[in-house]
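Peer 1: The structure follows.
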Amino acid sequence: MLSGLKQRLLAPDLLAQFAEEYRKAFNDAAVGACQDRQKAERSLKKAESRIANILTAIEDGMYTASMKDKMSEL
1071 MLSGLKQRLL
1081 APDLLAQFAE
1091 EYRKAFNDAA
1101 VGACQDRQKA
1111 ERSLKKAESR
1121 IANILTAIED
1131 GMYTASMKDK
1141 MSEL
(Lines of atoms letter the chains of each structure in order from A and count residues from 1; the text may use other names and numbers.)
(Lines give C-alpha, C1' and ligand atoms only; values in the text may rest on other atoms or scores of the structure.)
Protein backbone atom coordinates (compact mmCIF):
# COMPACT_ATOMS: atom_id res chain seq x y z
CA MET A 1 0.00 0.00 0.00
CA LEU A 2 2.67 2.52 1.00
CA SER A 3 4.80 1.54 -1.94
CA GLY A 4 1.96 2.28 -4.35
CA LEU A 5 1.27 5.60 -2.67
CA LYS A 6 4.96 6.48 -2.83
CA GLN A 7 5.10 5.66 -6.54
CA ARG A 8 2.05 7.81 -7.26
CA LEU A 9 3.31 10.76 -5.23
CA LEU A 10 6.74 10.62 -6.82
CA ALA A 11 5.43 10.48 -10.36
CA PRO A 12 7.32 13.03 -12.50
CA ASP A 13 4.17 14.84 -13.61
CA LEU A 14 2.95 15.22 -10.02
CA LEU A 15 6.37 16.40 -8.85
CA ALA A 16 6.48 18.96 -11.65
CA GLN A 17 2.99 20.17 -10.77
CA PHE A 18 3.91 20.40 -7.08
CA ALA A 19 7.10 22.30 -7.90
CA GLU A 20 5.19 24.78 -10.07
CA GLU A 21 2.51 25.37 -7.42
CA TYR A 22 5.17 25.76 -4.75
CA ARG A 23 7.04 28.29 -6.90
CA LYS A 24 3.85 30.29 -7.47
CA ALA A 25 3.00 30.31 -3.76
CA PHE A 26 6.55 31.31 -2.84
CA ASN A 27 6.56 34.16 -5.36
CA ASP A 28 3.16 35.38 -4.17
CA ALA A 29 4.40 35.41 -0.58
CA ALA A 30 7.55 37.29 -1.60
CA VAL A 31 5.51 39.94 -3.43
CA GLY A 32 3.24 40.32 -0.40
CA ALA A 33 6.20 40.70 1.94
CA CYS A 34 7.73 43.32 -0.35
CA GLN A 35 4.48 45.29 -0.45
CA ASP A 36 4.17 45.10 3.35
CA ARG A 37 7.72 46.38 3.75
CA GLN A 38 7.12 49.26 1.34
CA LYS A 39 3.97 50.22 3.25
CA ALA A 40 5.86 50.12 6.56
CA GLU A 41 8.68 52.24 5.12
CA ARG A 42 6.17 54.85 3.90
CA SER A 43 4.55 54.95 7.34
CA LEU A 44 7.94 55.34 8.99
CA LYS A 45 8.92 58.21 6.69
CA LYS A 46 5.61 59.94 7.37
CA ALA A 47 6.07 59.61 11.15
CA GLU A 48 9.68 60.82 10.94
CA SER A 49 8.57 63.82 8.90
CA ARG A 50 5.84 64.68 11.40
CA ILE A 51 8.30 64.40 14.28
CA ALA A 52 10.78 66.63 12.45
CA ASN A 53 8.05 69.23 11.89
CA ILE A 54 7.12 69.20 15.57
CA LEU A 55 10.77 69.54 16.57
CA THR A 56 11.13 72.50 14.22
CA ALA A 57 8.08 74.12 15.80
CA ILE A 58 9.52 73.54 19.28
CA GLU A 59 12.83 75.03 18.21
CA ASP A 60 10.95 78.04 16.87
CA GLY A 61 9.25 78.50 20.26
CA MET A 62 5.80 77.24 19.31
CA TYR A 63 5.55 74.42 21.88
CA THR A 64 2.02 73.92 23.22
CA ALA A 65 0.16 71.29 25.23
CA SER A 66 -1.59 70.07 22.09
CA MET A 67 1.79 69.56 20.45
CA LYS A 68 2.86 67.48 23.43
CA ASP A 69 -0.21 65.29 22.93
CA LYS A 70 0.53 64.93 19.22
CA MET A 71 4.13 64.00 19.93
CA SER A 72 3.06 61.23 22.30
CA GLU A 73 0.77 59.84 19.57
CA LEU A 74 3.75 59.44 17.24
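With positions in the sequence shown counted from 1, the corresponding number in the working numbering is that position plus 1070. Built from N, CA and C at the ideal position, the CB exists for glycine as well. The structure presented is a predicted model; accordingly, all values stated were derived computationally and were not measured.
What are the boundary residues of the alpha helix (DSSP H) that includes Ala1081?
Peer 2: Careful: Ala1081 lies outside any alpha helix (DSSP H) and carries neither H nor E.
Peer 1: Whose C-beta lies closer than 8 Å to the C-beta of Leu1144 among residues of the same chain, with five residues either side of it excluded?
Peer 2: Hits under 8 Å: Ala1117, Arg1120, Ile1121, Ile1124.
Peer 1: Using 8 Å for Cβ pairs, my map puts Met1141 next to Ala1127. What's the rounded Cβ distance?
Peer 2: Not really, about 10 Å apart at Cβ, beyond 8 Å.
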